[in-house]
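Numbering (full-length UniProt numbering), first residue to last: 1 to 136.
A short worksheet on the structure shown next.
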């Protein structure tokens, strides 16, 4: 199979669709339209024009980087595309991270990321979340 690798964000609609298809939480189209242009880095993998895998890096570009939205269409899982997404992300991070930069993620599949050299920070640190309601 031939895949096309693009170091750009997908469209907001594609992003939202792939997140849901891959089992990630749904994001609103409005949120995606705001978020995607603010990415530090993105990798999109396409087959015949269709988005089948993606990943992004967000953060301040120096002290903190967060790996987010790593997703592979279920029809293409098990083909190494998640690993390829992370290889592109790691190449980007290797080129921009400084001494003391902190790379983080919320890992839905910790074993996958551990194989790529990422380590759990618990029990010394714990990830936390808080949901906010729209104020409009």
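Note that CB positions come from ideal geometry on N, CA and C, so glycine has one too.
Closest residue to residue i among the options (Cα-Cα distance)
i	options	result
residue 62	32, 43, 98, 86	98
residue 118	95, 49, 86	86
residue 21	4, 82, 75	75
residue 110	104, 103, 120	120
residue 40	48, 66, 57	57
residue 38	104, 9, 82, 15	9
Range of the contiguous beta strand (DSSP E) that encloses residue i
i	result
residue 71	64-72
Burial state of residue i, where buried means 16 or more other Cβ atoms lie within 10 Å
i	result
residue 52	buried
residue 132	exposed
residue 68	buried
Endpoints, the alpha helix (DSSP H) within which residue i is located
i	result
residue 122	First-last for residue 122: undefined, no H or E at that position.
Proximal residues to residue i (C-beta, below 7 Å), its chain only, five neighbours per side dropped
i	result
residue 30	none
residue 13	29
residue 122	none
Contact belief for residue i with residue j at Cβ below 8 Å, rounded distance in angstroms
i	j	result
residue 106	residue 55	Wrong, their Cβ atoms sit about 13 Å apart, outside the cutoff.
residue 82	residue 70	6 Å
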